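Structure first, then comments.
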């Protein structure tokens, strides 16, 4: 079964101390959990096996003319000028930056399959299992797992390569919700089977 690693929203705006969202506390959580380093190790293991590594970020054009959601979370992003394509916030941390051959998908919604070429790319490349790492667990990881399962893909979530600002939400997702859509495991256990 061909697997692809999908790294979800691990971009500077959310997990870097200078990110407009991350500086409000989540960058500290990401650092404490060693998310970037763990995920970078998994990404290298995939590359070493010639398996696809896909980076997904969320970003909008200046002025947010391409934004669709009407929810308050988007209003907050607009107020702070966060997640503008081409700026620091939509880039990835240096230790986790995409390498030659990796795919980068920019989305404008929580779900990375919505209005992107992600599913078509996975199908064209005969990927049967998606392995997820990312932030936030209760948003993009959940959304990706559900859509992936609905699309007939096997889903694996690397619990220790995911996090939410409220880690209780992360725990509930990993223990009670995500197992309905795939397998939840730790990265070191998964890598033994890769």
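Residue numbers (the working numbering): 572 to 765. Virtual Cβ for every residue (Gly too), placed ideally from N, Cα, C. Treat the numbers as computed from the prediction; the structure is a model and nothing was measured.
Inter-residue Cα distance where the pair is residue i and residue j
| i | j | result |
| --- | --- | --- |
| residue 723 | residue 753 | 11 angstroms |
| residue 665 | residue 588 | 13 angstroms |
| residue 648 | residue 654 | 7 angstroms |
| residue 540 | residue 717 | Within the shown structure, residues of the chain are numbered from 572 to 765, placing residue 540 beyond reach of any answer. |
| residue 578 | residue 680 | 15 angstroms |
| residue 746 | residue 678 | 27 angstroms |
| residue 634 | residue 702 | 33 angstroms |
| residue 643 | residue 631 | 16 angstroms |
| residue 728 | residue 646 | 30 angstroms |
| residue 604 | residue 760 | 17 angstroms |
| residue 691 | residue 739 | 34 angstroms |
Limits of the unbroken beta strand (DSSP E) element including residue i
| i | result |
| --- | --- |
| residue 678 | 674-678 |
| residue 574 | 574-579 |
| residue 731 | 725-734 |
Residue from the options with nearest C-alpha to residue i
| i | options | result |
| --- | --- | --- |
| residue 771 | 727, 656, 702 and 594 | Residue 771 cannot be examined here, being either before or after the span of the chain that is shown, 572 to 765. |
| residue 573 | 622, 741 and 674 | 622 |
| residue 594 | 702, 651, 727 and 690 | 651 |
| residue 580 | 603, 599, 607 and 596 | 607 |
Neighbourhood of residue i by C-beta, 6 angstroms cutoff - its chain only, sequence neighbours within 5 removed
| i | result |
| --- | --- |
| residue 707 | 735 |
Identity of the residues DSSP links to residue i by a beta bridge
| i | result |
| --- | --- |
| residue 625 | 577 and 674 |
| residue 705 | 579 and 733 |
Other residues of its chain near residue i: CB distance less than 7 angstroms, five sequence neighbours each side excluded
| i | result |
| --- | --- |
| residue 731 | 609, 757 and 758 |
| residue 669 | 626, 663 and 675 |
| residue 582 | 628, 660, 661, 662 and 663 |
Residue span of the alpha helix (DSSP H) that contains residue i, given as start and end
| i | result |
| --- | --- |
| residue 749 | Looking at the DSSP string, residue 749 is not in any alpha helix (DSSP H), and its letter there is neither H nor E. |
| residue 597 | 597-603 |
heavy atom of the ligand NAD below 7 angstroms from residue i C-beta
| i | result |
| --- | --- |
| residue 651 | You won't find the ligand NAD in this model; it holds no ligand whatsoever. |
Contact set for residue i: own chain, Cβ-Cβ below 8 angstroms, skip 5 residues either direction
| i | result |
| --- | --- |
| residue 765 | 574, 616, 617, 620 and 622 |
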